[in-house]
Amino acid sequence: MDAHGEANNVRGFISDDSELTWVFHDVERAELSQWIRDSFAKFNNADAESTLVTHTAQPLVAGVALVNAPLKSFKIAQLIEAAWRCLDEATNQGAGAVKTIEVY
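Residue numbers (this note's numbering): 17 to 120.
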């Protein structure tokens, strides 16, 4: 996705469940959601020879949780759990879905 977007300040890793997980800094919720949707559209329009597109590829969906100026009592687990809930809802909605939530 990085090749298709212009995101700055991003870190990524693969979770224990083999999920691609990215952490963005200083990105607006609407801007990030649109960037993800645009990236999904570019993947779907990619050349069939691309290594990103295969007949066995899973539908692309995204769950996004964000926090703006968290309190000292904020626990990172709240953010992670919210992102998982959004991913579950996006999965239920179907391919190309992006669900977001702001955590307080």
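Using N, Cα and C, we set each Cβ at its ideal position, and we do this for glycine too.
As the structure is a prediction and not an experimental result, all values here were calculated from the model.
Check                                                                                                                                                                      : Outcome
Out of Gly28, Phe29, Asn25 and Glu35, which one is the CA nearest neighbour of Val77?                                                                                      : Glu35
Since Leu36 is in the beta strand (DSSP E), which residue starts that stretch and which ends it?                                                                           : Leu36 to Phe40
Would you call the stretch 79–92 and the stretch 100–110 touching, i.e. three or more CB-CB distances under 8 Å?                                                           : yes
Excluding sequence positions up to five away, which residues of its chain have a Cβ less than 6 Å from the Cβ of Gln94?                                                    : Val119
Quick one: does Val119 have its CB under 8 Å from some CB of chain C?                                                                                                      : Note that chain C does not occur in the displayed structure, where there is just one protein chain.
To the nearest angstrom, how far is it from the Cα of Asp32 to the Cα of Lys115?                                                                                           : 22 Å
Drop a sphere of 10 angstroms on the beta-carbon of Ala99, count the other beta-carbons inside from all chains shown, and report buried for 16 or more, exposed for fewer. : buried
From the DSSP output, which residues share a beta bridge with Ala78?                                                                                                       : Val114
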